[in-house]
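For what it's worth, the numbering used here labels the leading residue of the sequence shown as 8, then goes sequentially.
Everything on this sheet refers to the single structure shown next.
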Amino acid sequence: LALVTFGSQVNTKIQASAFDKQTLLNTVENMRVGGGTDMEAGLKKGYELAYEEANAGHNVRILLFTDERPNIGATDSDHFGGMVRDAAKKGVGITVFGLGLGLDASLMADMSQLENANAFSLTGTEQVAGWYDDNWPWAVVPLAYNLEVDLQVPAGYSVGAAYGIAADPDKPDIADSTIFLSRNRGAILLRYDPTGSLGAAANVEGSLRYEDGVDRSVVEQKLAVSVAADSGSGEQFQQASVGVAQMIAVG
């Protein structure tokens with residue numbers, strides 16, 4: 008564990024060492040807020056320490072706590088996005104914690120959508136315990152990288168909506184740079200709506216590709232889901248068993 012603070016100046020409060028809870032608590036208790044926000048310099052120092060540990064064979068991740076409103080040094084998304092991309096290539100990920108009600112959500116989003124990055128917002132101290140119970144340690148342990156799912160739209164159907172991920176209804180392909188687990192569970196779903204008569208039988212075919220979160224080995228699988236003809240709800244489906252749970256929701 009190492010701890011770097013950044014305001015108008017950057018200070019390394021704890022040098023990289025074995026985790027000691029009491030040292031961390033004492034250091035945080037003695038911290039004081041003041042000056043500007045030189046997030047660029049703070050991240051540079053944090054990455055410098057992280058690269059040293061990564062080069063020594065350690066699994067390293069940056070936890071950035073900020074209101075995402077830098078006002079000294081670089082302030083734009085492109086610059087910070089570049090820092091995150093360069094770090095990911097060197098095996099160092101980042102989790103951004105946006106703090107307070109006035110955080111710059113756009114900068115946080117731009118940084119967290121890159122490879123080996125994610126983000127959470129906390130508006131008050133009362134949320135910390137709940138966040139920890141729901142997300143630790145899954146939020147800092149990538150499950151997979153560069154997820155790609157390519158699906159065909161069967162005849163008689165169109166893509167009605169996507170759930171759990173941003174997707175273009177006109178192009179039913181799913182892509183995400185990094186996948187993390189969560190105790191909140193969840194799923195990534197595409198809903199296919201019939202364009203003609205309800206309940207038409209259909210076969211949805213596609214492919215799945217991702218890199219393993221541990222060794223970056225590439226995993227590729229074929230996807231096939233058969234939707235049974237149904238004159239009622241149109242929600243019946245059958246699926247083959249593969250290594251990754253799959254489901255196509257048909258409205």
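Glycine included, every Cβ here is placed at the ideal spot set by N, Cα and C.
Every value quoted in this text rests on a predicted model; they were computed, and no experiment measured them.
The beta strand (DSSP E) that contains Val11, what's its start and end?
Leu10 to Phe13
Runs of 3 residues minimum, wholly inside the segment 47-113: which ones carry the beta strand (DSSP E) assignment?
68-73 and 100-106
Span of the beta strand (DSSP E) around Asn125
Run containing Asn125: Ala124 to Leu129, per the beta strand (DSSP E) assignment.
Which residue comes first and which comes last in the beta strand (DSSP E) that contains Glu212?
Its beta strand (DSSP E) spans residues Ala209 to Asp219.
If Glu218 sits next to Leu230, beta carbons under 8 Å apart, how far is it from one beta carbon to the other, in whole angstroms?
About 18 Å; that fails the 8 Å criterion.
Minimum length 3: unbroken beta strand (DSSP E) runs contained in the segment 145-209:
Qualifying beta strand (DSSP E) stretches, in chain order: 149-158, 164-170, 180-187 and 196-201.
Would you mind sorting Gly203 into buried or exposed? The rule is 16 or more other CB atoms within 10 Å of its CB.
exposed
Strictly by DSSP, which residues pair up with Lys229?
Ser214
Local Cβ density within 10 Å of Tyr170, reported as buried at 16 or more and exposed below that
exposed
Whose C-beta lies closer than 6 Å to the C-beta of Val17 among residues of the same chain, with five residues either side of it excluded?
Ala48, Gly49 and Lys52
According to DSSP, simplified to helix, strand and coil, what is Asn37?
coil
In the DSSP assignment, what residue or residues form a beta bridge with Thr19?
Under DSSP, Thr19 forms a beta bridge with Val11.
Would you identify the three-state DSSP class for Asp27, choosing helix, strand or coil?
coil
Helix, strand or coil at Glu242 [DSSP, three-state]
Summary for Glu242: the model assigns pLDDT 47, below 50, so the residue's position carries little reliability; its value from the coordinates is reported in the next sentence. Three-state result, Glu242: coil.
Please state whether DSSP places Leu32 in a helix, a strand or coil.
Secondary structure at Leu32: helix, using DSSP grouped into helix, strand and coil.
Using 10 angstroms around the beta-carbon of Val232, count the other beta-carbons present and answer buried if the total reaches 16, otherwise exposed.
Buried: at least 16 other Cβ atoms inside 10 Å.
Where Gly43 falls: helix, strand or coil (DSSP)
coil
With H, G and I counted as helix, E and B as strand and the rest as coil, what does DSSP make of Asp222?
Correct three-state label for Asp222: coil.
According to DSSP, is Trp143 helix, strand or coil?
coil
Mind checking whether Met115 and Val103 have CB atoms under 7 Å apart?
Contact: yes.
Is it the case that the CB of Asp117 approaches a heavy atom of the ligand MG more closely than 6 Å?
Absent from the structure shown: the ligand MG. Ligands present: none.
Mark Phe87 as exposed unless 16 or more other C-beta atoms lie within 10 angstroms of its C-beta, in which case mark it buried.
Burial call: buried.
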